[in-house]
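A.B. asks: Can you read through this structure? Questions will come right after.
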């Protein structure tokens, strides 16, 4: 995947620009620090929004997919094979917000 029209008459490989997939888009606030700390340390971040995404033309490597999906309920990595099935249903990961109201 490529970024276009960033530099006139050129495009940039997105993996060189942002690193290997997934790309993370986040929105957070920082907790105040009594000692005057100004760095964006993980311990000071309060996440409001967090999204990891990638292009279907350039997905993460299988080992990275396994790691990502393990974090949301132990889903087996997608290998691209037509007969591969996940160990768990992905809907379980969204049960908190997809249930009946």
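Residue numbers (our numbering): 10 to 110. Beta carbons: idealized from backbone N, C-alpha and C, even for Gly.
Please work out which residues of its chain come closer than 6 Å, Cβ to Cβ, to residue 13, disregarding the five sequence neighbours upstream and downstream, and give them in chain order.
C.D. replies: Result list for residue 13: 20, in chain order.
A.B. asks: Residue 18 by DSSP, collapsed to three states: which one?
C.D. replies: Looking at residue 18 - three-state DSSP - the assignment turns out to be coil, as it is neither helix nor strand.
A.B. asks: From residue 70 to residue 76, what distance separates their C-alpha atoms?
C.D. replies: Going by the C-alpha atoms only, they are around 10 Å apart.
A.B. asks: If we count the other Cβ atoms within 10 Å of its Cβ and call it buried at 16 or more, is residue 17 buried or exposed?
C.D. replies: Looking at its Cβ environment, which holds fewer than 16 other Cβ atoms inside 10 Å, residue 17 is exposed.
A.B. asks: Strictly by DSSP, which residues pair up with residue 74?
C.D. replies: The partner list for residue 74 (beta bridge, DSSP) is empty, contrary to what the question assumes.
A.B. asks: From residue 11 to residue 68, what distance separates their C-alpha atoms?
C.D. replies: Rounded to whole angstroms, residue 11 to residue 68 spans 13 Å at the Cα level.
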